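Worksheet for the structure shown next.
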Amino acid sequence: MFIQTEDTPNPDTLKFLPGNIILKRGSFDFSNIESATCSPLAKRLFDIDGVSRVFISSDFISVTKESSLEWNTLKPSILTGIMEHYSSGLPVVNIEKEIIENDSEEDSETVKQIKDLLETRVRPAVAMDGGDISFCSFEAGVVTLQMKGACAGCPSSTATLKMGIENMLRHYIPEVTEVKAAEL
233 MFIQTEDTPN PDTLKFLPGN IILKRGSFDF SNIESATCSP LAKRLFDIDG
283 VSRVFISSDF ISVTKESSLE WNTLKPSILT GIMEHYSSGL PVVNIEKEII
333 ENDSEEDSET VKQIKDLLET RVRPAVAMDG GDISFCSFEA GVVTLQMKGA
383 CAGCPSSTAT LKMGIENMLR HYIPEVTEVK AAEL
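Structure follows, in structure tokens:
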């Protein structure tokens, strides 16, 4: 198995690409080992000293390290952990969920437009950087979004939200006045 790696805008996060489908649908964002009980892969990666977050998507795994450590010491252990997981025959996760934000009948036309723009224009770009984004709410002109994976805690995620996503949503949807990150 040949696993490629890519840098992300977050210097503490690397994107690992094993070259095959990891999840059929959805994504999982694990902020610590306690949250990774449903994922043998994430638990294995958290066993590596210095791993602080694991994000698993359809075709990549983003791993965030403690900022005091260097990638040249962690990367070989992470690559080994991913290869050992695939050799074990265990599933990536014991359950799968669908996180695609489908329109619901309760959604207003504005919320449907926001979700459509996020799905078609924002999520693909954010995934290229090793992360994901999901819609939380739209109230009084304010769109609240949750940043995941490499985007969670990334120094440039605030700029991405304000300069990129907010400007785009305000351009297409005049009712949007602000975009902010969900408080975790």
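Quick note on numbering: our numbering labels position 158 of the sequence shown as 390, and the sequence is numbered without any gaps.
We treat Cβ as the ideally placed atom computed from N, Cα and C, and that holds for glycine.
Predicted model only: the values in this text are computed from it and were never measured.
*May I ask you to report which of helix, strand or coil DSSP gives Lys-347?*
Walking along the sequence shown from the start, residue 347 turns up at place 115. Here Lys-347 sits in helix by DSSP.
*Glu-316 lies in the alpha helix (DSSP H); which residues open and close that run?*
Counting from one through the sequence shown, the residue named residue 316 turns up at place 84. Its alpha helix (DSSP H) spans residues 303-320.
_Can you tell me whether Asn-334 is helix, strand or coil according to DSSP?_
Residue 334 sits at position 102 when you count from the first residue of the sequence shown. Note that Asn-334 has pLDDT 49, beneath the 50 cutoff, so the model's placement of it is unreliable and the number below is only indicative. Residue state, collapsed to three classes: coil.
*CA-CA distance, Asn-304 and Ala-384?*
Within the sequence shown, residue 304 is the residue found at index 72, counting from 1. Within the sequence shown, residue 384 is the residue found at index 152, counting from 1. A straight line joining the alpha-carbon of Asn-304 with that of Ala-384 spans about 22 Å.
*Where the beta strand (DSSP E) containing Ala-413 begins and where it ends*: Along the sequence shown, one-based indexing puts residue 413 at 181. For Ala-413, the enclosing beta strand (DSSP E) begins and ends at 410-413.
*What's the C-alpha gap between Asn-326 and Pro-406?*
For the purposes of this step, residue 326 is taken as residue 94 along the sequence shown, with counting starting at 1. For the purposes of this step, residue 406 is taken as residue 174 along the sequence shown, with counting starting at 1. Going from the Cα of Asn-326 to the Cα of Pro-406 covers about 42 Å.
_Using a 10 Å radius around the Cβ and a threshold of 16 neighbouring Cβ atoms, would you call Ser-259 buried or exposed?_
Start at 1 with the first residue of the sequence shown, and residue 259 comes out as number 27. By the 16-neighbour rule on beta-carbons within 10 angstroms, Ser-259 is buried.
*Which runs of the alpha helix (DSSP H) fall wholly inside the region 234-302 and span at least 4 residues, in chain order?*
Within the region 234-302, the runs of alpha helix (DSSP H) at least 4 residues long that lie entirely inside it are, in chain order, 272-278.
*Can you tell me which of Ala-268, Ser-294, Lys-275, Met-315 puts its alpha carbon nearest to the alpha carbon of Pro-243?*
Within the sequence shown, residue 243 is the residue found at index 11, counting from 1. Here the closest residue by C-alpha is Ser-294.
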